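Reviewing the structure listed below.
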Amino acid sequence: MSLAAVLLSGCTFFFDVQDSVQPDPEPDSRQQKVIFDRIQQITQSMKDITRSEISNVGPNEAQSGPEKWTVCSRGNSGSELRYFTFFLKGETVANWRPAVINDKCETRNYSAF
1 MSLAAVLLSG
11 CTFFFDVQDS
21 VQPDPEPDSR
31 QQKVIFDRIQ
41 QITQSMKDIT
51 RSEISNVGPN
61 EAQSGPEKWT
71 VCSRGNSGSE
81 LRYFTFFLKG
91 ETVANWRPAV
101 INDKCETRNY
111 SAF
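Residue 1 is where the sequence shown starts when you use the numbering used here, and the numbers rise one by one after that.
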């Protein structure tokens, strides 16, 4: 019995707590300004999108990708309202794509840039 305990206690040697994924805190106001400026640049480069608005920072509802935080943007494309999801890592936009239902962009609050 004691031999088994000694052998099993050595298992934790191989797992370093510091190697685990560290939490990604919600961006602060300075980081949000940098993020919102970048998203505005991206949305302005979209030729068929007009009157873009931006949402508040929120959790990655779809859990697609490793990023914990997202920002949604919406804008008019002709007579259609289109949504986009921007995935955040620190103060950078790590990735973005057209929003999917699981992103819940339609439920967020929006304001002009």
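Beta carbons are placed, not taken as given, at the ideal position from N, Cα and C, and that holds for glycine.
Since we're looking at a predicted model, the values are computed, not measured.
Environment of residue i [buried if 16+ CB atoms lie within 10 Å]
i: A127; result: Lying before the first or after the last residue shown, residue 127 is absent from the chain, which here runs from 1 to 113.
i: T70; result: buried
i: D117; result: Since the first and last residues shown for the chain are 1 and 113, residue 117 lies out of range.
i: P98; result: exposed
i: P25; result: exposed
Inter-residue spacing [alpha-carbon to alpha-carbon] between residue i and residue j
i: C72; j: N60; result: 10 Å
i: L88; j: I101; result: 19 Å
i: P66; j: F86; result: 13 Å
i: K104; j: S45; result: 24 Å
i: Q63; j: G78; result: 30 Å
i: R51; j: S29; result: 24 Å
i: F84; j: K47; result: 14 Å
Residue i and residue j closer than 8 Å at C-beta
i: N76; j: N109; result: no
i: E91; j: R74; result: no
i: T43; j: I49; result: yes
DSSP three-state assignment for residue i, whether helix, strand or coil
i: S111; result: strand
i: E26; result: coil
i: K104; result: coil
i: F13; result: Residue placement at F13 is poorly supported in this model, since its pLDDT is 49, which falls under 50; the coordinates still yield a value, given next. In the structure shown, F13 sits in a helix (DSSP, three-state: H, G or I).
Completely contained beta strand (DSSP E) runs for the segment 48–102, where each covers 3 or more residues: 50–59, 69–77, 80–89 and 92–98
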